[in-house]
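Okay, so here's the structure we're looking at.
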Amino acid sequence: MGAIKLIFLLAIVYGVVGFANRYSVKPIKLPKYYLIGIIGVIGFALSSLIVKVGAQQVGVVVTPTGVRDQELLTGWHVIMPWEQVYSMDKTVWVYTCADAQNEGAKANADAIWAPTKDGIKMGFDVSVSWRIVPDEASWVYQNVTDELGENGRYHWLEENVLRPKLKSALALTVSEYSPIEVYSTKREEIQHKVLEKMKKEIGAYRIDVEQLDIREVYYNHEYEKAINNKKLAEQEALRLIEVTKQKQEKLLQAKIEKDISIQHAEGEAKALQIKGSAINANPKIIKLEWINKWDGQLPTYMMGKDNGIILNVNDK
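In this text, residue positions in the sequence shown follow the numbering used here: the first is 98, and each later residue adds one.
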């Protein structure tokens, strides 16, 4: 629309120059300047009465008596010369609070901290997706400050409405859970409850909260240090238990082996005792043992009775 207005404005200028040229000392021939000038005037007047509302915008009409309640939706609209249209963005905005610098809406670390039911404070990285209710754009325009310049209304809403309500809803919800539930098992449930609280409490400002994401959860530094120390102590205790268990198993095995050796030695001693008693009772047992062990072969050499002579008993 701005380009069209510029064309009509140039046509008006051409007509004015052509009209003034008639009274100059050396007039320049400007064809149909009067016709082009009239078309420029009419076109500029009509274009000033037509406004275009973009696909992601809502038009708010301001009249001499105030703000019209009926918003202008996407498309072309005809307005009166005494009316003015302001565009309000209806797209979804994302407001983020994060512990890391330059990651959230603020440049510095900006995680939200809330106490659990045990009194342990925990930090949260949270993102809220929101937008103004399109049918309530006129109310937002009238009732929300614009003193901060471009997008000032939305900045004001985020800092003075969205953020305080988010902190309050998160604190009230987290206070119902233990640290371990907040950190792991109940995170999705907490997220849902905070979202419902936000929707309920922020509706009066004509804001629609579409989604809430708890992106990360942190323990405070002292508590996290205590948890890490406890985990290290538990791991060391488990290691010592395992070492003790291995030593006990080795001792048990050694005892078993000792008992087996003792039993084996006792068995051999008893067997020898029985055998000795039997020999004492009947010396011929030795000869019987010798016969049982003899392989039936005579020895090749034998010692003689006198002078230690060795005889070969196999010689013929």
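Using N, Cα and C, we set each Cβ at its ideal position, and we do this for glycine too.
query = Over what stretch of residues does the beta strand (DSSP E) that includes Gln181 continue unbroken?
reply = In the DSSP assignment, Gln181 falls within the beta strand (DSSP E) that extends over 181-186.
Close beta carbons around Gln50, own chain, < 7 Å, minus the five adjacent residues each side = Lying outside 98 to 413, the shown extent of the chain, residue 50 is not represented and no answer is given.
query = Residue range of the alpha helix (DSSP H) that Tyr238 falls in?
reply = Note, Tyr238: alpha helix (DSSP H), 234-240.
ask   = Under 9 Å, do Val291 and Met219 count as touching if we go by C-beta distance?
value = Against a cut-off of 9 Å, the Cβ pair of Met219 and Val291 comes out as no contact.
inquiry  = I'd like to know whether the C-beta atoms of Val159 and Leu169 end up nearer to each other than 9 Å.
reply    = No; because the gap between Cβ atoms is not below 9 Å, this pair is not in contact.
Candidates Ser184, Arg165, Thr171: closest to Met177 by CA position = For Met177, the closest of Ser184, Arg165, Thr171 by C-alpha to C-alpha distance is Arg165.
message = Which of the three DSSP states is assigned to Asp356 in this structure?
response = Correct three-state label for Asp356: helix.
ask   = With distances taken from CA atoms, which of Lys355, Ile357, Glu180 is nearest Leu146?
value = Minimum Cα distance to Leu146 is reached at Glu180.
query = With a CB to CB cut of under 6 Å and the five nearest residues on each side skipped, what residues in its chain are close to Ala266?
reply = Around Ala266, the same chain offers Val291, Lys294, Met295 as residues with beta carbons nearer than 6 Å, after the five sequence neighbours per side are excluded.
message = I'd like the ranges of any beta strand (DSSP E) spanning at least 3 consecutive residues and lying wholly in the segment 184-234.
response = Entirely contained in the segment 184-234, the beta strand (DSSP E) runs reaching 3 residues are, in chain order, 190-194, 209-212, 218-229.
Beta-bridge partners of Ile287, as assigned by DSSP = Residue pairing by DSSP places Ile287 opposite no residue, since no beta bridge is assigned to it.
Residue closest to Val191, alpha-carbon to alpha-carbon, out of Ser184, Ala202, Tyr183 = Of Ser184, Ala202, Tyr183, the residue nearest in Cα terms is Ala202.
request  = Could you tell me the boundaries of the beta strand (DSSP E) in which Val155 lies?
outcome  = Here the beta strand (DSSP E) through Val155 covers 154-160.
query = Does the separation of the CB atoms of Ile311 and Lys262 fall below 9 Å?
reply = Judged by their CB atoms, Ile311 and Lys262 are not nearer to each other than the 9 Å cut-off.
query = Using the rule of at least 16 other Cβ atoms within 10 Å of the residue's Cβ for burial, across every protein chain shown, is Ala211 buried or exposed?
reply = With 16 or more other Cβ atoms within 10 Å, it is buried.
Extent of the continuous alpha helix (DSSP H) run through Arg260 = Its alpha helix (DSSP H) spans residues 260-271.
key: Bridge-paired residues (DSSP) for Gly163   = In the DSSP assignment, Gly163 forms a beta bridge with Thr160.
query = If you run the structure through DSSP and keep just helix, strand and coil, what is Ile176?
reply = Correct three-state label for Ile176: coil.
query = What does a CB cutoff of less than 7 Å around Gly246 pick up in its chain, not counting 5 residues either side in sequence?
reply = Low confidence applies here, because Gly246 scores a pLDDT of 49, under 50, leaving its location unreliable; read the following figure in that light. Setting aside the 5 residues that flank it on each side, Gly246 has no residue in the same chain whose C-beta is closer than 7 Å to its C-beta.
message = Taking the straight line between their C-alpha atoms, what separation do you get for Glu256 and Tyr316?
response = Note on geometry: alpha-carbon atoms of Glu256 and Tyr316 lie some 25 Å from one another.
message = Could you pull the DSSP bridge partners for Ile147 from this structure?
response = Answer is Val175, bridged to Ile147.
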